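Protein chains in written order, with my numbering: chain A, 1 to 367; chain B, 1001 to 1230.
We put the CB at the ideal spot given by N, CA and C, even for glycine.
Please read all numbers here as calculations on a predicted model, not as lab measurements.
Below is one structure, written out as structure tokens, with a few remarks after it.
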């Protein structure tokens, strides 16, 4: 469907990515300044890559080797901008019909009303964008982008300006649209939860490169390296060394804490004793336990506790970690038990099935 | 001897209309081009376009006279076609265009730069060519500013004196515009004539200012509404 290999060299920033997209919704996830939006602009033809090729549905849009560079007008790429970029001086009807003025009138009217119906904005057709709410504006922007039957639809942080309730509703609508629309979608976001919810596959961007591109399950449960782990929300990352290997699990010695943790063997990665690894666990998986000296139970005390709506965010200091080298972040659901106070001792259980073991490679820089 | 009061008024009307139309198109063409131009010479070209505004009109007139005179480059070029620009009615138009161009250019450029670049990008992804984008997106959105620019340029052409006098002179039946006529009426002691012509120009300027205010207001209102998304 869409095949791209883009290099763009700018002072102080290099974009160098390779993406290939089928009939699916792929999410580009990464911090701001990682080159996410620039990738979309290169695909749409709004920015010219320094090198590479872009191919969409068998048609070459850009190829630096042969000098092909189709203008955005000829690319059949739909673009939904971050602020929607609706034409403020045109009605909703006129906005949607902007790209299909060459069609015969009855056909044009049919198409516009079909799009209005599909996006549930039929009642707004005569209004101006400024009279619409942000959610309605987004629907118009999507309808307008769909009007010329693009082969791929690009979304640049479409939900970043919305409040959380509206965001959730529109995320669901987008998933429905994906099912109805027989094309590819590429969506840029910096929001982890949103990226996971929407993307069948996720590409993690870091400093102009793709750190990992895989199904969302793989990206989030077995990150390729420490950077991906950090970018996908694994906030606790410790250096370790494999101390024992068993058929389905490994034991990792954590020097900073002076203890050993049991973890499931990462699939597809051969580990042997002495192998340096990074061990990670999401704050949500850390459990407070009353058990004493059991496997993967560590003794610690509360350094800081912050109460949220449904969760309590803790920072724990390990008893064995006198220098406070590595604090442990935890996010625990509220229970009937009293919230732990600062300085209070407690035992933490780090479930082996939720420990992420990433073998250190020579190329991975120390964080 | 003095001509009818209507002679300078008629000459001024012709000059103002012709010059404003020329300035309008030259100005928005230059402004649109420069609002997108990102090259190294941006500051230099910008400076050249604005130069007539910061120079004394008589100095601009002096250089135009030198250029279009018999020994100037422009004058020699026109001589090839057996044409002489200096001291003709066309010279009043040239002077007015040169002096009103910077106002038109600067104000229109500001208006074009205010147009959200994403709107033009959106139009591009929707298949619109640059020409269509200009007429359907850029110009309509910049219109309040462009209209204000046109009125300012028009007022400037009406008031043009120094450069016109240098290049077109004071030929009663051909080149004497209202401001030039006022000056020579005072010199020759015809206060009444000067007063009437001055009132005509003032009335006109008031109308122009009111129009600018009206358009500015409207443009601010549209912008205010645009940022409030429901």
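Worksheet item: Can you give the Cα-Cα distance for residue 136 of chain A and residue 1117 of chain B, rounded to whole angstroms?
Response: Here residue 136 of chain A refers to the residue found at position 136 of the first chain. Here residue 1117 of chain B refers to the residue found at position 117 of the second chain. Looking at the backbone, the Cα of residue 136 of chain A and that of residue 1117 of chain B are separated by about 22 Å.
Worksheet item: At a Cβ cut of 8 Å, what residues of the stretch 1112 to 1134 of chain B count as close to chain A, listed as they run along the chain?
Response: For the stretch 1112 to 1134 of chain B, the beta-carbon criterion of a distance under 8 Å to any beta-carbon of chain A is satisfied by 1116, 1118, 1119, 1121, 1122, 1123, 1124, 1125, 1126, 1127, 1128 and 1129.
Practice prompt. Determine, using beta-carbon pairs with one atom in the stretch 9 to 17 of chain A and one in the stretch 202 to 217 of chain A, whether at least three such pairs fall under 8 Å.
Written response: Of all C-beta pairs linking the stretch 9 to 17 of chain A to the stretch 202 to 217 of chain A, three or more are shorter than 8 Å, placing the two stretches in contact.
Worksheet item: Using a C-beta to C-beta distance shorter than 8 Å, which residues of chain A count as neighbours of residue 1137 of chain B?
Response: Mapped onto the second chain, residue 1137 of chain B falls at position 137. Neighbours of residue 1137 of chain B on chain A, chain order: 87.
Worksheet entry | Within-7 Å CB hit, residue 1140 of chain B to chain A | By one-based count along the second chain, residue 1140 of chain B stands at place 140. Cβ-Cβ to chain A under 7 Å: yes for residue 1140 of chain B.
Worksheet entry | Below-7 Å beta-carbon distance, residue 72 of chain A vs any chain B residue | Numbered from 1 along the first chain, position 72 holds the residue referred to as residue 72 of chain A. For residue 72 of chain A, a Cβ of chain B is located within less than 7 Å of the residue's own Cβ.
Practice prompt. Report the partner residues of residue 386 of chain A according to the DSSP bridge assignment.
Written response: With chain A covering 1 to 367 only, the question about residue 386 of chain A has no answer from this structure.
Discussion item. Which residues in chain B have a C-beta closer than 8 Å to the C-beta of residue 46 of chain A? List them in chain order.
Written reply: To locate residue 46 of chain A, count along the first chain from 1; it is residue 46. Contacts between residue 46 of chain A and chain B, judged by CB atoms closer than 8 Å, involve 1121, 1124 and 1125 in chain order.
Worksheet item: What is the DSSP secondary structure of residue 165 of chain A, reduced to helix, strand or coil?
Response: As a working note, residue 165 of chain A is residue 165 in the first chain. Residue 165 of chain A falls in the helix class under three-state DSSP.
Item to complete: Would you mind working out which of B:1153, B:1182 and B:1198 sits nearest residue 1022 of chain B, comparing C-alpha positions?
Response: For the purposes of this step, residue 1022 of chain B is taken as residue 22 along the second chain, with counting starting at 1. Nearest of B:1153, B:1182 and B:1198 to residue 1022 of chain B, Cα basis: B:1153.
Discussion item. If the criterion is Cβ atoms closer than 7 Å, does the pair residue 81 of chain A and residue 156 of chain A meet it?
Written reply: Position 81 of the first chain, counting from 1, holds the residue named residue 81 of chain A. Position 156 of the first chain, counting from 1, holds the residue named residue 156 of chain A. Yes, they are a contact pair.
Worksheet item: According to DSSP, what are the bridge partners of residue 311 of chain A?
Response: What you label residue 311 of chain A is simply residue 311 of the first chain in a count that begins at 1. Answer is A:333.
Discussion item. Given this structure, state the Cα-to-Cα distance separating residue 1189 of chain B from residue 1195 of chain B, to the nearest angstrom.
Written reply: Sequence index remark: in the second chain, residue 1189 of chain B carries index 189 (1-based). Sequence index remark: in the second chain, residue 1195 of chain B carries index 195 (1-based). Approximately 11 Å, taken between the alpha carbons.
Practice prompt. Less than 8 Å between the CB atoms is what I'm expecting for residue 2 of chain A and residue 21 of chain A, so what's the real figure, rounded?
Written response: For the purposes of this step, residue 2 of chain A is identified with residue 2 of the first chain, where counting begins at 1. For the purposes of this step, residue 21 of chain A is identified with residue 21 of the first chain, where counting begins at 1. Going by Cβ atoms, the distance from residue 2 of chain A to residue 21 of chain A rounds to 4 Å, so yes, they are a contact pair.
Discussion item. So residue 77 of chain A contacts chain B; which residues on that side make the cut at Cβ distance below 9 Å?
Written reply: For the purposes of this step, residue 77 of chain A is taken as the residue at position 77 of the first chain. From the beta-carbon of residue 77 of chain A, the residues of chain B found nearer than 9 Å are 1125.
Worksheet item: Alpha carbon to alpha carbon, what distance is there between residue 201 of chain A and residue 246 of chain A?
Response: Against the first chain, residue 246 of chain A aligns to sequence position 246. Against the first chain, residue 201 of chain A aligns to sequence position 201. Their backbone Cα atoms lie some 32 Å apart in a straight line.
Worksheet item: Which term fits residue 350 of chain A, buried or exposed, when burial requires 16 or more other beta carbons within 10 angstroms of its beta carbon?
Response: The count along the first chain starts at 1 and reaches residue 350 of chain A at position 350. Sixteen is the threshold: when 16 or more other Cβ atoms of the shown chains lie within 10 Å of the Cβ of residue 350 of chain A, as they do, the residue is buried.
Worksheet item: CB-CB under 6 Å to residue 99 of chain A, same chain, minus the five flanking residues each way: which ones, in chain order?
Response: Working through the first chain from its first residue, we reach residue 99 of chain A at position 99. Here the set comprises 147 and 148.
Item to complete: Compute the Euclidean distance between the alpha carbons of residue 48 of chain A and residue 154 of chain A, then round it to the nearest angstrom.
Response: Counting from 1 along the first chain, the entry for residue 48 of chain A is found at position 48. Counting from 1 along the first chain, the entry for residue 154 of chain A is found at position 154. Cα to Cα, the separation comes out at about 17 Å.
Item to complete: Could I get the ranges of all uninterrupted alpha helix (DSSP H) runs contained in the stretch 104 to 174 of chain A, with 4 residues as the minimum, in chain order?
Response: Whole alpha helix (DSSP H) segments, 4+ residues: 105 to 118 and 134 to 146.
Worksheet entry | Distance, residue 1161 of chain B Cα to residue 1009 of chain B Cα | Within the second chain, residue 1009 of chain B is the residue found at index 9, counting from 1. Within the second chain, residue 1161 of chain B is the residue found at index 161, counting from 1. Taken atom to atom, the span from the alpha-carbon of residue 1009 of chain B to that of residue 1161 of chain B is near 14 Å.
Item to complete: Could you name the residues of the same chain whose beta carbon sits closer than 7 Å to that of residue 327 of chain A, not counting the 5 residues immediately before and after it, in chain order?
Response: The residue labelled residue 327 of chain A in the question sits at position 327 within the first chain. Excluding its 5 nearest sequence neighbours in each direction, residue 327 of chain A has C-beta neighbours in its own chain below 7 Å: 303, 315, 316 and 317, listed in chain order.
Discussion item. At the level of alpha carbons, what is the spacing between residue 372 of chain A and residue 122 of chain A?
Written reply: In the structure displayed, chain A extends from 1 to 367; residue 372 of chain A sits before or after that span and is not available.
Worksheet item: In chain B, what lies closer than 8 Å to residue 220 of chain A by C-beta?
Response: Taking the first chain and counting its residues from 1, one reaches residue 220 of chain A at position 220. When 8 Å is used as the limit between beta carbons, residue 220 of chain A is near no residue of chain B, the shortest such separation being about 32 Å.
Discussion item. Within the continuous beta strand (DSSP E) that includes residue 1163 of chain B, where are the two ends?
Written reply: Stepping through the second chain from its first residue, residue 1163 of chain B is reached at position 163. First-last for residue 1163 of chain B: 1162 to 1168, but that is the alpha helix (DSSP H), not the beta strand (DSSP E).
Practice prompt. Spatial neighbours of residue 1078 of chain B within its chain, please: CB distance less than 8 Å, with the 5 preceding and 5 following residues excluded, ordered by chain position.
Written response: Here residue 1078 of chain B corresponds to residue number 78 of the second chain, with the count starting at 1. Scanning its chain for C-beta atoms nearer than 8 Å, with the 5 sequence neighbours on each side dropped, one finds around residue 1078 of chain B the residues 1068, 1084 and 1085, in chain order.
Worksheet entry | Spatial neighbours of residue 1227 of chain B in its chain, beta-carbon cut-off 8 Å, leaving aside the 5 residues before and after | Walking along the second chain from the start, residue 1227 of chain B turns up at place 227. Any reading at residue 1227 of chain B needs caution, since the residue's pLDDT is 41, under 50, leaving its predicted position unreliable; the model's value is listed next. Here the set comprises nothing.
Discussion item. Strictly under 7 Å for the Cβ-Cβ distance: is residue 81 of chain A near chain B by that measure?
Written reply: Residue numbering aside, residue 81 of chain A sits at position 81 when the first chain is read from its first letter. Interface criterion met: the Cβ of residue 81 of chain A is under 7 Å from a Cβ in chain B.
Item to complete: Take residue 166 of chain A and list the residues in its own chain whose beta-carbon comes closer than 6 Å to its own, dropping the five residues that flank it on each side.
Response: Position 166 of the first chain, counting from 1, holds the residue named residue 166 of chain A. Apart from sequence neighbours up to five positions away, the residues of its chain that approach residue 166 of chain A with a beta-carbon distance below 6 Å are 135, ordered along the chain.
Worksheet entry | Boundaries (first-last residue) of the alpha helix (DSSP H) holding residue 1103 of chain B | Residue 1103 of chain B sits at position 103 when you count from the first residue of the second chain. 1089 to 1114 is the span of the alpha helix (DSSP H), which, as asked, contains residue 1103 of chain B.
Practice prompt. Closer than 8 Å by C-beta to residue 344 of chain A: which residues in its own chain qualify, once you throw out the five before and the five after it? Chain order, please.
Written response: Residue numbering aside, residue 344 of chain A sits at position 344 when the first chain is read from its first letter. If the five residues before and after residue 344 of chain A are omitted, its C-beta is found closer than 8 Å to the C-beta atoms of 301 and 302, all from its own chain and listed in chain order.
Item to complete: Could you pull out every residue in the same chain whose Cβ sits closer than 7 Å to the Cβ of residue 1052 of chain B, ignoring the five residues on either side in sequence?
Response: Counting from one through the second chain, the residue named residue 1052 of chain B turns up at place 52. Contacts found: 1060, 1098, 1099, 1101 and 1102.
Item to complete: Tell me, to the nearest whole angstrom, how far the beta carbon of residue 1024 of chain B is from that of residue 1106 of chain B; I am working on the premise that it is less than 8 Å.
Response: One-based indexing of the second chain puts residue 1024 of chain B at position 24. One-based indexing of the second chain puts residue 1106 of chain B at position 106. At roughly 14 Å, the Cβ-Cβ gap does not stay under 8 Å, so residue 1024 of chain B and residue 1106 of chain B are not in contact.
Discussion item. For the alpha helix (DSSP H) containing residue 221 of chain A, name the first residue and the last one.
Written reply: Indexing the first chain from 1 puts residue 221 of chain A at position 221. For residue 221 of chain A, the enclosing alpha helix (DSSP H) starts and ends at 216 to 221.
Discussion item. Per the DSSP calculation, residue 249 of chain A is bridged to which residue(s)?
Written reply: Taking the first residue of the first chain as position 1, residue 249 of chain A is located at position 249. Beta-bridge analysis with DSSP links residue 249 of chain A to A:264.
Fill in: Boundaries (first-last residue) of the alpha helix (DSSP H) holding residue 1004 of chain B
Along the second chain, read from residue 1 onward, the residue named residue 1004 of chain B stands at position 4. Premise fails: residue 1004 of chain B is in no alpha helix (DSSP H) and is neither H nor E.
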